[in-house]
Amino acid sequence: MFKVRISSEALHKIMRHVSRPYEQIGLLIGEVNGGTVIVRDAVRGEGSAGNSHSTISPESMARVAHAILTGKINGRIVGWYHSHVGCGVFMSNVDVQTQLVLQQFSQYVISLVIDSRTGELAAFTYNQPLGVVQLPIEFI
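Counted from 1, the sequence shown has number 208 at position 85 by our numbering; the numbering is strictly sequential.
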(Lines of atoms letter the chains of each structure in order from A and count residues from 1; the text may use other names and numbers.)
(Lines give C-alpha, C1' and ligand atoms only; values in the text may rest on other atoms or scores of the structure.)
Protein backbone atom coordinates (compact mmCIF):
# COMPACT_ATOMS: atom_id res chain seq x y z
CA MET A 1 0.00 0.00 0.00
CA PHE A 2 0.97 3.63 -0.15
CA LYS A 3 0.86 6.66 2.11
CA VAL A 4 -1.13 9.89 1.92
CA ARG A 5 0.16 13.36 2.82
CA ILE A 6 -2.28 16.30 2.90
CA SER A 7 -1.23 19.94 3.06
CA SER A 8 -2.86 22.19 5.63
CA GLU A 9 -4.06 24.48 2.81
CA ALA A 10 -5.86 21.64 1.03
CA LEU A 11 -7.34 20.36 4.28
CA HIS A 12 -8.62 23.83 5.19
CA LYS A 13 -10.35 24.17 1.78
CA ILE A 14 -11.92 20.73 2.09
CA MET A 15 -13.19 21.25 5.63
CA ARG A 16 -14.66 24.64 4.75
CA HIS A 17 -16.45 23.11 1.74
CA VAL A 18 -17.91 20.11 3.57
CA SER A 19 -19.30 22.21 6.41
CA ARG A 20 -22.51 22.63 4.40
CA PRO A 21 -25.65 20.74 5.47
CA TYR A 22 -25.65 18.33 2.50
CA GLU A 23 -23.10 15.87 1.15
CA GLN A 24 -20.37 17.65 -0.80
CA ILE A 25 -17.82 16.37 -3.29
CA GLY A 26 -14.61 17.60 -4.87
CA LEU A 27 -11.31 16.63 -6.44
CA LEU A 28 -7.90 16.29 -4.80
CA ILE A 29 -4.99 17.84 -6.68
CA GLY A 30 -1.35 16.99 -6.14
CA GLU A 31 1.32 14.52 -7.13
CA VAL A 32 2.63 11.02 -6.52
CA ASN A 33 6.18 10.81 -5.22
CA GLY A 34 7.87 7.55 -4.28
CA GLY A 35 4.69 5.69 -3.44
CA THR A 36 3.16 8.60 -1.54
CA VAL A 37 0.11 10.54 -2.71
CA ILE A 38 0.69 14.20 -1.84
CA VAL A 39 -2.46 16.34 -1.80
CA ARG A 40 -1.61 20.02 -2.24
CA ASP A 41 -4.97 21.48 -3.29
CA ALA A 42 -8.66 20.70 -3.53
CA VAL A 43 -11.26 21.80 -6.07
CA ARG A 44 -14.91 21.73 -5.05
CA GLY A 45 -17.18 19.82 -7.36
CA GLU A 46 -20.07 21.58 -9.02
CA GLY A 47 -23.09 19.38 -9.53
CA SER A 48 -25.94 18.11 -7.40
CA ALA A 49 -25.94 17.41 -3.66
CA GLY A 50 -28.47 16.00 -1.22
CA ASN A 51 -28.70 14.31 2.16
CA SER A 52 -27.08 11.10 0.96
CA HIS A 53 -25.49 11.83 -2.41
CA SER A 54 -23.34 14.27 -4.32
CA THR A 55 -22.19 14.28 -7.93
CA ILE A 56 -19.74 16.26 -10.03
CA SER A 57 -21.15 17.43 -13.34
CA PRO A 58 -19.27 16.48 -16.54
CA GLU A 59 -18.86 20.21 -17.24
CA SER A 60 -17.15 20.71 -13.88
CA MET A 61 -14.80 17.79 -14.58
CA ALA A 62 -14.01 19.24 -18.00
CA ARG A 63 -13.20 22.66 -16.47
CA VAL A 64 -10.80 21.09 -13.98
CA ALA A 65 -9.12 19.00 -16.70
CA HIS A 66 -8.75 22.09 -18.89
CA ALA A 67 -7.28 24.09 -15.99
CA ILE A 68 -4.71 21.34 -15.37
CA LEU A 69 -3.78 21.10 -19.06
CA THR A 70 -3.37 24.87 -19.38
CA GLY A 71 -1.38 25.20 -16.15
CA LYS A 72 -4.01 27.16 -14.22
CA ILE A 73 -4.07 24.29 -11.71
CA ASN A 74 -0.66 22.94 -10.75
CA GLY A 75 -0.62 19.17 -10.37
CA ARG A 76 -2.88 16.33 -11.34
CA ILE A 77 -6.00 14.68 -9.98
CA VAL A 78 -4.85 12.29 -7.23
CA GLY A 79 -8.25 11.54 -5.79
CA TRP A 80 -11.61 12.80 -4.71
CA TYR A 81 -13.23 13.79 -1.47
CA HIS A 82 -16.77 13.73 -0.23
CA SER A 83 -18.67 14.19 2.99
CA HIS A 84 -20.98 11.96 4.94
CA VAL A 85 -23.28 14.03 7.15
CA GLY A 86 -23.22 12.51 10.63
CA CYS A 87 -22.91 8.86 9.63
CA GLY A 88 -19.17 8.21 9.96
CA VAL A 89 -16.35 7.63 7.52
CA PHE A 90 -16.65 4.55 5.33
CA MET A 91 -16.91 3.62 1.67
CA SER A 92 -20.49 2.92 0.54
CA ASN A 93 -21.15 0.66 -2.45
CA VAL A 94 -21.56 3.76 -4.64
CA ASP A 95 -18.28 5.17 -3.27
CA VAL A 96 -16.47 1.93 -4.13
CA GLN A 97 -17.83 2.02 -7.70
CA THR A 98 -16.68 5.63 -8.08
CA GLN A 99 -13.25 4.70 -6.73
CA LEU A 100 -12.91 1.80 -9.16
CA VAL A 101 -13.70 4.08 -12.11
CA LEU A 102 -11.02 6.56 -11.03
CA GLN A 103 -8.46 3.83 -10.34
CA GLN A 104 -8.64 2.82 -14.01
CA PHE A 105 -6.41 5.84 -14.65
CA SER A 106 -3.92 5.27 -11.81
CA GLN A 107 -3.53 2.93 -8.86
CA TYR A 108 -2.53 6.01 -6.84
CA VAL A 109 -6.00 7.52 -6.55
CA ILE A 110 -7.53 8.02 -3.11
CA SER A 111 -10.95 8.68 -1.68
CA LEU A 112 -11.01 11.06 1.27
CA VAL A 113 -14.21 10.70 3.30
CA ILE A 114 -15.15 13.32 5.90
CA ASP A 115 -17.96 13.19 8.45
CA SER A 116 -18.97 16.84 8.35
CA ARG A 117 -20.60 16.73 11.81
CA THR A 118 -17.71 15.17 13.75
CA GLY A 119 -14.76 16.31 11.61
CA GLU A 120 -13.52 12.71 11.40
CA LEU A 121 -11.80 11.83 8.12
CA ALA A 122 -10.13 8.85 6.50
CA ALA A 123 -8.40 8.04 3.21
CA PHE A 124 -9.23 4.88 1.29
CA THR A 125 -8.23 2.97 -1.80
CA TYR A 126 -9.46 -0.29 -3.30
CA ASN A 127 -7.15 -3.28 -3.56
CA GLN A 128 -7.77 -6.62 -5.24
CA PRO A 129 -8.28 -9.01 -3.42
CA LEU A 130 -8.40 -7.11 -0.09
CA GLY A 131 -11.24 -4.74 -0.98
CA VAL A 132 -11.46 -1.31 0.65
CA VAL A 133 -8.24 -0.40 2.46
CA GLN A 134 -7.81 2.55 4.80
CA LEU A 135 -4.55 4.43 4.21
CA PRO A 136 -2.38 6.25 6.76
CA ILE A 137 -2.57 10.06 6.54
CA GLU A 138 0.15 12.54 7.43
CA PHE A 139 -0.73 16.23 7.61
CA ILE A 140 1.93 18.60 6.29
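Think of the CB as a built atom: it goes at the ideal place given N, C-alpha and C, for glycine as much as any other residue.
DSSP, reduced to helix, strand and coil, places Lys195 outside both helices and strands of the structure shown, so it counts as coil. At a Cβ-Cβ threshold of 7 Å, Val127 and Ile196 do not count as neighbours. Contact annotation: Asp164 and Ile179 have beta-carbon atoms that are not nearer than 7 Å. Here Val155 has Tyr231 as same chain residues with Cβ atoms under 6 Å from its own Cβ, once five neighbours each way along the sequence are excluded. DSSP places Ile179 in no beta strand (DSSP E); its state is neither H nor E. Counting along the chain, no alpha helix (DSSP H) covers Gln230, and no H or E run does either.
Bridge partners of Val162 according to DSSP: Ile129 and Gly153. Using a Cβ distance threshold of 7 Å, Ser183 and Val141 do not count as a contacting pair.
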